[in-house]
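> Sharing a structure below in structure tokens format, with a few things to ask.
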Amino acid sequence: MNLRPTLDPRPPASVTDITTRLPFNASPERAFANHQAQQRAAHRRQLDDLAAACVAGNNVLMAVNAELARFYELADETDFDSGQVRRAIVLRMSRMIMGHLYPDHQAYVPADMGGAS
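Just so we're aligned, residue 1 is where the sequence shown starts under the UniProt record's numbering, counting upward by one.
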């Protein structure tokens, strides 16, 4: 698993580059939005891999940082109230830390990391 971001040797895609690969009668705005969504999904997968590798390597601080990055990206993509995002971050971080400290107590571990809740 490669944890370093891969650098694409090609220059960044512009709207004109993306529109040259469009199917007939597709809008350039929609193509650019799809391109951005694909980039966000790839970035999210990298964050997921990083968090999983850090948890597997017992580096809870790095795992917490990766989770924070994931939540901040989620907050950027949606119109969540900042209080909701903050509460979700605090809850998930506390569960991750407690799950690291007390691995036998699955209630502390987030569900997508093998926990009960």
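Glycine is no exception: its CB is placed at the ideal position from the N, C-alpha and C atoms.
Predicted model only: the values in this text are computed from it and were never measured.
Exposed or buried, what is V90 when buried is set at 16 or more other beta-carbons lying within 10 Å of its beta-carbon?
It is exposed - the Cβ of V90 has fewer than 16 other Cβ atoms within 10 Å.
> What's the gap between the Cα of A31 and the Cα of A42?
17 Å
> Spatial neighbours of N65 within its chain, please: CB distance less than 7 Å, with the 5 preceding and 5 following residues excluded, ordered by chain position.
none
> Return the CA-CA distance between R94 and R70, expressed in angstroms with no decimal places.
The amino acid occupying residue 94 in the given sequence is Ser; Arg does not appear at that position. Rounded to the nearest angstrom, the two C-alpha atoms are 15 Å apart.
> With H, G and I counted as helix, E and B as strand and the rest as coil, what does DSSP make of S94?
S94 falls in the helix class under three-state DSSP.
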